[in-house]
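Visitor:
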Amino acid sequence: MAQAADASRTIILTVDDDPGVSRSVARDLRRRYGESYRVVRAESGQSALDALRELKLRGDLVAVILADYRMPQMNGIEFLEQALDVYPGARRVLLTAYADTNAAIDAINVVDLDHYLLKPWDPPEEKLYPVLDDLLESWRHTDHRAVPITKVVGHRWSARSSEVREFLARNQVPYRWYSSDEPEGRRLLSAAGADGLRLPLVITPDGTPLTEPGDQDLAAQVGLATTPAADLYDLVIIGGGPAGLGAAVYGASEGLRTVLVERSATGGQAGQSSRIENYLGFPDGVSGAQLTDRARRQAAKFGAEILTAREVTALEVNGASRTVRFSDGSAIAAHSVILATGVSYRQLDAPGVAELTGCGVFYGSSLTEAPACQGHDVYIVGGANSAGQAAMYLARGAKSVTILVRGSSLAASMSHYLVQQVMDAPTISVRTTTVVEAAHGSDHLEQLTLRNTTTGHTELVDAQWLFVFIGAAPLTDWLDGTVLRDSRGFILTGPDLTAEGHPPADWELDRPPYHLETNVPGVFVAGDARAESAKRVASAVGEGAMAVMLVHRYLEQS
Numbered sequence: 000m001a002q003a004a005d006a007s008r009t010i011i012l013t014v015d016d017d018p019g020v021s022r023s024v025a026r027d028l029r030r031r032y033g034e035s036y037r038v039v040r041a042e043s044g045q046s047a048l049d050a051l052r053e054l055k056l057r058g059d060l061v062a063v064i065l066a067d068y069r070m071p072q073m074n075g076i077e078f079l080e081q082a083l084d085v086y087p088g089a090r091r092v093l094l095t096a097y098a099d100t101n102a103a104i105d106a107i108n109v110v111d112l113d114h115y116l117l118k119p120w121d122p123p124e125e126k127l128y129p130v131l132d133d134l135l136e137s138w139r140h141t142d143h144r145a146v147p148i149t150k151v152v153g154h155r156w157s158a159r160s161s162e163v164r165e166f167l168a169r170n171q172v173p174y175r176w177y178s179s180d181e182p183e184g185r186r187l188l189s190a191a192g193a194d195g196l197r198l199p200l201v202i203t204p205d206g207t208p209l210t211e212p213g214d215q216d217l218a219a220q221v222g223l224a225t226t227p228a229a230d231l232y233d234l235v236i237i238g239g240g241p242a243g244l245g246a247a248v249y250g251a252s253e254g255l256r257t258v259l260v261e262r263s264a265t266g267g268q269a270g271q272s273s274r275i276e277n278y279l280g281f282p283d284g285v286s287g288a289q290l291t292d293r294a295r296r297q298a299a300k301f302g303a304e305i306l307t308a309r310e311v312t313a314l315e316v317n318g319a320s321r322t323v324r325f326s327d328g329s330a331i332a333a334h335s336v337i338l339a340t341g342v343s344y345r346q347l348d349a350p351g352v353a354e355l356t357g358c359g360v361f362y363g364s365s366l367t368e369a370p371a372c373q374g375h376d377v378y379i380v381g382g383a384n385s386a387g388q389a390a391m392y393l394a395r396g397a398k399s400v401t402i403l404v405r406g407s408s409l410a411a412s413m414s415h416y417l418v419q420q421v422m423d424a425p426t427i428s429v430r431t432t433t434v435v436e437a438a439h440g441s442d443h444l445e446q447l448t449l450r451n452t453t454t455g456h457t458e459l460v461d462a463q464w465l466f467v468f469i470g471a472a473p474l475t476d477w478l479d480g481t482v483l484r485d486s487r488g489f490i491l492t493g494p495d496l497t498a499e500g501h502p503p504a505d506w507e508l509d510r511p512p513y514h515l516e517t518n519v520p521g522v523f524v525a526g527d528a529r530a531e532s533a534k535r536v537a538s539a540v541g542e543g544a545m546a547v548m549l550v551h552r553y554l555e556q557s
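In numbering that gives the first Met the number 0, the protein residues as written are 0 to 557.
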């Protein structure tokens with residue numbers, strides 16, 4: 000277990016499963032830094048994570064984390080990856096033997112490793128202290144203030160409780176979950192004067208209780224930006240998935256006054272992915288949450304505003320200005336607009352599914368629910384990459400994972416590398432030509448009726464968890480009458496608007512629309528919402544960057 004100590008000083012944490020090495024590292028650290036920092040020692044990855052979480056709840060600061068690579072149950076890279084979610088600002092160091100240097104180099108991509116040290120590090124005056132001196136100096140010059148914790152009291156089978164947890168997690172808002180039927184949850188309900196009939200109860204870091212809050216109220220109370228700082232921008236980006244974040248990074252870094260508007264949480268569907276393994280530069284994969292968080296911080300660093308929980312309901316053309324109108328009636332104007340609204344999962348049309356959504360039935364991976372699937376049988380509907388990634392993630396703790404596919408195989412819709420992983424996983428099975436006929440349960444999912452589409456045979460199976468990934472629908476209905484779309488709702492741009500050699504009927508400029516430009520000059524599209532787009536993270540990011548280049552060209556000629 001980690002050693003307890005006074006909370007008045009910033010912490011350096013070290014973890015090594017060898018007690019002798021652990022004591023040696025702590026001794027050398029205390030000798031150099033003991034007067035200014037508190038050294039906390041742990042002898043396993045799990046005990047170190049427990050210590051980090053306790054320190055986080057108390058509001059303590061952690062400056063540097065040193066972890067040994069070779070530890071049982073949880074190696075140093077796996078530990079640092081989880082520690083990144085608890086203390087993203089802490090500097091991370093991997094202790095490794097010479098034979099493991101390749102693993103240390105790979106960790107630079109996986110966990111944003113700041114440094115790796117070869118063992119033994121004697122003399123520390125030459126091999127340990129100079130490295131830590133630089134890391135501590137770097138840490139001191141960043142904003143490392145402790146983040147107060149939001150408390151959420153809810154019920155396991157409350158749909159809104161699940162939605163609030165997902166909203167906070169995807170927006171990187173630290174929170175702690177309390178079940179309403181456990182003692183601490185009941186104590187918090189009592190302190191807030193709540194009877195527990197309306198859940199969830201959210202208690203903000205300043206102690207304000209919110210009962211069943213909407214996303215916009217919740218966002219404002221936990222410190223997310225919801226109100227634009229200006230009335231007029233060079234560029235408004237609608238949608239915060241990979242395409243929108245890519246556009247925000249390039250737009251703001253190139254001097255455009257940029258605001259990104261997201262209705263729920265940045266990252267889009269990619270942000271919900273447990274592991275993206277075919278994204279350039281991450282040979283060991285990267286979680287959607289990590290990729291999203293890095294992109295969001297990068298955009299903010301360049302000065303982009305990011306508004307959360309704001310729903311856009313209309314786009315208006317007013318001369319050279321493009322007006323973006325919100326659901327509350329307010330609006331902002333811009334010289335140019337990039338539509339990066341992405342897509343949403345289609346709803347599963349089967350009896351009982353709508354009533355049990357959020358109570359055992361979930362769209363997307365809903366990673367906040369994954370720990371509760373430990374030891375249970377889980378069903379996944381869908382055969383694309385998102386379904387395969389979710390299956391691999393859930394299979395770590397679930398008793399079994401069954402993928403239900405309407406088609407005859409996974410090969411038509413899932414990347415080859417992922418098909419191989421799914422087939423090699425001992426706890427994952429695939430049932431082809433199978434659909435969900437109905438979902439059953441009183442207050443939560445209990446059973447599913449499955450039907451074989453070839454034979455017509457039906458089967459009733461026990462199930463508490465169903466995750467749905469069945470195709471994508473563009474979120475573009477609000478553009479009807481303004482921007483041209485195809486029969487499925489995807490937005491037409493560039494060459495698709497001039498298929499017969501002529502620009503759209505209402506096109507007034509003496510040039511054809513640019514490649515990613517809609518029938519409204521100055522309004523561009525990037526990512527999955529564009530007709531015939533590639534539906535891949537890398538292409539969405541690339542289109543976001545390309546759209547900004549075309550915005551510059553448009554503004555120069557306006």
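Virtual Cβ for every residue (Gly too), placed ideally from N, Cα, C.
(1) Going by beta-carbon coordinates alone, are Ser21 and Asp27 separated by less than 7 Å?
(2) May I ask which residues mark the beginning and end of the alpha helix (DSSP H) holding Phe325?
(3) Do the segment 424 to 432 and the segment 393 to 406 touch if we need at least three Cβ pairs shorter than 8 Å?
(4) Quick one: Cα of Ala264 to Cα of Gly238, how far?
(5) Between Leu306 and the rest of its own chain, which residues show a CB-CB distance below 8 Å, the 5 nearest in sequence each way excluded?
(6) Counting C-beta neighbours from all protein chains within 10 Å, is the total for Arg30 16 or more, i.e. buried, or is it exposed?
(7) Kindly indicate which residue of Val467, Gln446 and Phe301 has the alpha-carbon position closest to the one of Thr457.
(8) Would you list the residues sitting across from Phe466 in a DSSP beta bridge?
(9) With DSSP collapsed to three states, give me the class of Leu231.
(10) So, helix, strand or coil for Gln171, using DSSP?
(11) If you drop the 5 nearest sequence neighbours on each side, which residues of the same chain put their C-beta closer than 6 Å to that of Arg385?
(12) For Gln297, which three-state DSSP category applies?
(13) Return the first residue and the last residue of the beta strand (DSSP E) that Ser252 is part of.
(14) Along the chain, where does the alpha helix (DSSP H) that runs through His415 open and close?
(15) Where does Arg90 land, buried or exposed, given buried means 16+ other C-beta within 10 angstroms?
(16) Going by C-alpha distance, which of His514, Ala82 and Thr322 is nearest Arg529?
(17) Give me the Cα-Cα distance between Pro494 and Pro512, rounded to the nearest whole angstrom.
(18) Does DSSP classify Ser286 as helix, strand or coil?
(19) Do you know how far the Cα of Asp205 is from the Cα of Ala193?
(20) Would you call Arg395 buried or exposed, if buried means 16 or more other Cβ atoms sit within 10 Å of its Cβ?
(21) On the premise that Tyr32 lies in contact with Val38, defined as a C-beta separation below 8 Å, what is that separation, rounded to the nearest angstrom?
(22) By Cβ distance, which residues of its chain are closer than 6 Å to Val201, with the 5 residues on each side in sequence left out?
(23) Put His551 into one of helix, strand or coil per three-state DSSP.
(24) On a CA-only basis, which of Val221, Arg256, Thr367 and Gly240 is nearest Leu234? Give me that one, please.
(25) Leu12 bridges to which residues according to DSSP?
(26) Could you name the residues of the same chain whose beta carbon sits closer than 6 Å to that of Phe301, not counting the 5 residues immediately before and after it, in chain order?
(27) Candidates Ala298, Gly341 and Gly541: which alpha carbon is nearest Ile490's?
(28) Specify the secondary structure class of Ile138 as computed by DSSP and reduced to three states.
(29) Please determine if the segment 324 to 342 and the segment 437 to 452 are in contact, where contact requires at least 3 C-beta pairs separated by less than 8 Å.
(30) Pick out whichever of Thr207, Ala158, Gln420 and Thr492 has its Cα sitting closest to the Cα of Glu276.
(31) Going by beta carbon distance, what residues of the same chain come within less than 8 Å of Thr433, once the five residues before and after it are set aside?
(32) Relative to the alpha-carbon of Tyr115, which residue among Asp84, Glu136, Ala82 and Gly75 has its alpha-carbon at the smallest distance?
(33) Cα-Cα, which of Val172, Ile236 and Val63 is closest to Ala544?
(34) Quick check: the Cα distance between Ser157 and Gly357, rounded to an integer number of angstroms?
(35) Which residue or residues does DSSP assign as beta-bridge partners of Gln373?
(36) Does DSSP put Thr448 in a helix, in a strand, or in coil?
Guide: For this structure:
(1) Mapped onto the sequence shown, residue 21 falls at position 22. Mapped onto the sequence shown, residue 27 falls at position 28. Not closer than 7 Å, so no.
(2) The residue given as residue 325 occupies position 326 in the sequence shown. Careful: Phe325 lies outside any alpha helix (DSSP H), inside the beta strand (DSSP E) at Ser320 to Phe325.
(3) yes
(4) Reading the sequence shown from its first residue, position 265 is the one you call residue 264. Reading the sequence shown from its first residue, position 239 is the one you call residue 238. Distance between the alpha carbons of Ala264 and Gly238: 9 Å.
(5) Counting from one through the sequence shown, the residue named residue 306 turns up at place 307. Only Ala224, Thr225, Thr226, Pro227, Val258, Leu259, Val260 and Glu261 meet the Cβ criterion.
(6) Your numbering for residue 30 matches position 31 in the sequence shown. That one is exposed.
(7) Here residue 457 is taken as the residue at index 458 of the sequence shown, counted from 1. Proximity to Thr457 across Val467, Gln446 and Phe301 peaks at Gln446, based on C-alpha coordinates.
(8) To locate residue 466, count along the sequence shown from 1; it is residue 467. As a beta-bridge residue in DSSP terms, Phe466 pairs with Phe361 and Ile379.
(9) Taking the first residue of the sequence shown as 1, we reach residue 231 at position 232. It is a strand residue.
(10) Position 172 of the sequence shown, counted from the start, is the residue given in the question as residue 171. Gln171: coil per DSSP, three-state reduction.
(11) Within the sequence shown, numbered from 1, the residue matching residue 385 stands at position 386. The sequence as given places Ser at residue 385; Arg does not occur at that position. These residues qualify, in order along the chain: Phe468.
(12) Position 298 of the sequence shown holds residue 297. Gln297: helix per DSSP, three-state reduction.
(13) Counted from its first residue, the sequence shown places residue 252 at position 253. Run containing Ser252: none in the beta strand (DSSP E); it sits in the alpha helix (DSSP H), Pro241 to Ser252.
(14) Mapped onto the sequence shown, residue 415 falls at position 416. Counting along the chain, the alpha helix (DSSP H) containing His415 begins and ends at His415 to Asp423.
(15) Reading the sequence shown from its first residue, position 91 is the one you call residue 90. Per the 10 Å Cβ criterion, buried.
(16) On the sequence shown, position 530 is the one that residue 529 refers to. When only C-alpha atoms are compared, the closest one is His514.
(17) Counting from 1 along the sequence shown, the entry for residue 494 is found at position 495. Counting from 1 along the sequence shown, the entry for residue 512 is found at position 513. Distance between the alpha carbons of Pro494 and Pro512 is about 8 Å.
(18) For the purposes of this step, residue 286 is identified with residue 287 of the sequence shown, where counting begins at 1. It is coil, neither helix nor strand.
(19) As a working note, residue 193 is residue 194 in the sequence shown. As a working note, residue 205 is residue 206 in the sequence shown. Distance between the alpha carbons of Ala193 and Asp205 is about 18 Å.
(20) Position 396 of the sequence shown holds residue 395. Exposed, since its Cβ has fewer than 16 Cβ neighbours within 10 Å.
(21) Residue numbering aside, residue 38 sits at position 39 when the sequence shown is read from its first letter. Residue numbering aside, residue 32 sits at position 33 when the sequence shown is read from its first letter. So it is a contact: roughly 7 Å between Cβ atoms.
(22) Against the sequence shown, residue 201 aligns to sequence position 202. Excluding positions up to five away in sequence, the list reads Val151, Leu209 and Pro212.
(23) Mapped onto the sequence shown, residue 551 falls at position 552. DSSP places His551 within a helical segment (H, G or I) once states are collapsed to three.
(24) Residue numbering aside, residue 234 sits at position 235 when the sequence shown is read from its first letter. For Leu234, the closest C-alpha among the options Val221, Arg256, Thr367 and Gly240 is that of Arg256.
(25) The sequence position of residue 12 within the sequence shown is 13, counting from 1. In the DSSP output, where bridge partners are listed per residue, Leu12 has Val39 and Ile64.
(26) On the sequence shown, position 302 is the one that residue 301 refers to. Excluding positions up to five away in sequence, the list reads Ala251 and Ser252.
(27) The residue you call residue 490 lines up with position 491 of the sequence shown. When each option's Cα is compared against that of Ile490, the closest is Gly341.
(28) Stepping through the sequence shown from its first residue, residue 138 is reached at position 139. Per the sequence shown, residue 138 should be read as Trp rather than Ile. Reduced to three states, the DSSP call for Trp138 is helix.
(29) no
(30) Position 277 of the sequence shown, counted from the start, is the residue given in the question as residue 276. Among Thr207, Ala158, Gln420 and Thr492, the Cα nearest to that of Glu276 is on Gln420.
(31) Position 434 of the sequence shown holds residue 433. Cβ neighbours of Thr433 beyond the five flanking positions: Leu403, Val404, Arg405, Leu449, Arg450, Asn451 and Thr452.
(32) Here residue 115 refers to the residue found at position 116 when the sequence shown is read from its first residue. Selected option, being the one with the closest Cα: Gly75.
(33) One-based indexing of the sequence shown puts residue 544 at position 545. It is Ile236.
(34) Counting from one through the sequence shown, the residue named residue 157 turns up at place 158. Counting from one through the sequence shown, the residue named residue 357 turns up at place 358. Answer to the nearest angstrom: the Cα atoms are 7 Å apart.
(35) Translated into positions along the sequence shown, residue 373 becomes position 374. For Gln373, which the question treats as bridged, DSSP gives no partner whatsoever.
(36) Position 449 of the sequence shown holds residue 448. In the structure shown, Thr448 sits in a strand (DSSP, three-state: E or B).
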